[in-house]
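2 protein chains.
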Amino acid sequence: MENKQFEKISKALSDANRIAILQKFKKKKKDCVYCSDINETLDLTQPSVSHHLKQLVDADLLISEKEGRNIKYFLNDEVLDAYIQALNLLKA
Amino acid sequence: MENKQFEKISKALSDANRIAILQKFKKKKKDCVYCSDINETLDLTQPSVSHHLKQLVDADLLISEKEGRNIKYFLNDEVLDAYIQALNLLKA
DNA sequence: TTTAAATATTCAAATATTTCGATGTATTTA
DNA sequence: TAAATACATCGAAATATTTGAATATTTAAA
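Chains as they are written, first to last, in our numbering: chain A, 1 to 92; chain B, 93 to 184.
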């Protein structure tokens, strides 16, 4: 993984609200989470949530999929694994 | 690992200069790196390098040890592993 | 014990990020 | 087609981060 992508992912992970978003995937026991769910959970306005989701998508940590007027998000396990691998390489 | 610590580590990892610092540990094939080495490598003034090193130490990614008027840094593998574990938990 | 070397701290400027109100766009429903 | 719903974008304010010049501190050497 390129340093630039590593930096971008780290930045995406460096905010309490975005961490909370990612943790929703674990708690839900479903593989997708809806934008509206996140809007309800976080104590932020809709534009702020939209901004945070965009950062996660731009970092490729989340994959978004349109479903009518809703948006579904999926955790991108491949990118998460690649990030973990890059971290493991630091220990070499 | 607490979310707060996870956030702090992610933030520490979200800067190109700090990533370059961490990669010096791999490249050197030695387990410690001196402050002066990093000052020579990075294209930044000494106070800026000092600031970045402080962030890595504050996030517990680096352990610092005084040696005369020099400072030696060690990579904190335990914290790196704990961070990796927290990332793996996101996939659950 | 003065001087030099290595690193830290302070302060301010530049830049980036976060947040939200207002508004725009797309899609569904009435 | 008009209204409502879900989400995105814009613009601005508040806040945080990055950077370096100046200076302080600590330790070693002369």
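Where a beta carbon is used, it is the ideal one built from N, C-alpha and C, also for glycine.
> Grouping DSSP H, G and I as helix and E and B as strand, with all else coil, what is B/GLU94?
Replying inline: coil
> Mind pulling the chain A residues with CB within less than 7 Å of B/ALA108?
Replying inline: ASN3 and GLU7
>> Which residues of the segment 79-90 of chain A have a Cβ closer than 9 Å to any Cβ of chain B? Give them in chain order.
In response: LEU80, ASP81, TYR83, ILE84, LEU87, ASN88, LEU89 and LEU90
> Any beta-carbon of chain B closer than 8 Å to the one on A/ILE63?
Replying inline: So no, A/ILE63 is outside the interface.
> Between which two residues does the beta strand (DSSP E) containing A/SER64 stretch?
Replying inline: 62-67
>> Distance check for B/ARG161 and A/ALA12, CA to CA, integer angstroms please.
In response: 37 Å
>> Please report whether the beta-carbon of A/ILE19 lies at a distance below 8 Å from any beta-carbon of chain B.
In response: A/ILE19 counts as touching chain B.
>> Starting from B/CYS180, trace the alpha helix (DSSP H) in both directions and tell me its first and last residue.
In response: Checking the sequence, you will find Asn at residue 180 of chain B rather than Cys. Counting along the chain, the alpha helix (DSSP H) containing B/ASN180 begins and ends at 169-182.
> What does B/LEU134 reach in chain A if we use C-beta pairs closer than 9 Å?
Replying inline: Near B/LEU134 there are no residues of chain A at all, since even the closest Cβ is about 14 Å away, more than 9 Å.
>> Could you compute how far the alpha carbon of A/GLN46 sits from the alpha carbon of A/GLN55?
In response: In a straight line, the C-alpha of A/GLN46 is about 14 Å away from that of A/GLN55.
> By a C-beta neighbour count over all protein chains shown, 10 Å radius and 16 as the cutoff for buried, is B/SER106 buried or exposed?
Replying inline: buried
> For B/PHE166, which residues does DSSP report across the bridge?
Replying inline: According to DSSP, B/PHE166 bridges with B/CYS124 and B/ILE155.
> What distance in whole Å lies between the Cβ atoms of B/PHE98 and B/ALA178, which are believed to be in contact at a cut-off of 8 Å?
Replying inline: 5 Å between Cβ atoms; contact.
>> Do A/LEU80 and B/LYS100 count as a contact pair if the criterion is CB distance below 8 Å?
In response: no
> Between the C-alpha atoms of A/LEU42 and B/GLU132, what's the straight-line distance to the nearest angstrom?
Replying inline: For A/LEU42 and B/GLU132, the distance between alpha carbons rounds to 44 Å.
> Quick one: is B/GLN115 near chain A, going by C-beta distance under 8 Å?
Replying inline: yes
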